[in-house]
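The opening residue of the sequence shown carries number 221 in my numbering; numbering runs sequentially from there. Yeah, the Cβ is synthetic: ideal placement off N, Cα and C, and Gly gets one too. Keep in mind the model is a prediction, meaning the values are calculated, not measured. Notes follow once the structure below has been shown.
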Amino acid sequence: MEKRAGHLTEKDVEDWMTGLLSPEKEQQLLTHAGTCDHCAGLLGFCLEQRLMEPPAYLRDEILEKSRSLEIRTARTIHRTSGQIRLFLYSLKVGFALAVSLSMLFVLPLHGESEFQRRALFPERTVQTVTEKLQNGKGAVDTLMKALADWTIFLDEEESK
């Protein structure tokens, strides 16, 4: 295929739009317009002036391809991968929350002196995880009750 010399003219574009060009000439025209900014602008301008109707076969071809097994599989994989990413993210957040709460109730406070530790756990200094969680349960229950009472108080204030 020979290379096109010079820029496109409006007549070249008009011939292409009416289908008068041979396939070789059409290929040269489109190849040149793809590499030349001036000709691409002219082609775009002419297309804007006279909007082309899409070929009649295009709609049927798109619908047929969208029903193909490859497209349906890709769509399903994309949807499923999004759900899996969301599930894995939720697992990470849940795990981080569980570790944070465990550390909050299980690990001793930093900065405590040995005397303060013995005052908190007079009988034995080593407690099981279950015992530590049971000891912290009362504080959490008190906090939850205080929050519930505060919410009820706010509701009463708003209704007045």
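Report the three-state DSSP secondary structure of residue 259 (helix, strand or coil). Numbered from 1 along the sequence shown, position 39 holds the residue referred to as residue 259. Helix at residue 259.
Residue 249 beta carbon less than 8 Å from that of residue 228: For the purposes of this step, residue 228 is taken as the residue at position 8 of the sequence shown. For the purposes of this step, residue 249 is taken as the residue at position 29 of the sequence shown. Contact flag set, yes.
Continuous alpha helix (DSSP H) stretch holding residue 239: start and end: By 1-based counting over the sequence shown, the position of residue 239 is 19. Run containing residue 239: none; DSSP gives neither H nor E here.
Any idea what DSSP makes of residue 277, helix, strand or coil? Within the sequence shown, the letter at position 57 stands for residue 277. Three-state result, residue 277: helix.
Could you have a look at residue 228 and say whether DSSP puts it in helix, strand or coil? Position 8 of the sequence shown, counting from 1, holds the residue named residue 228. In the structure shown, residue 228 sits in coil (DSSP, three-state: anything other than H, G, I, E or B).
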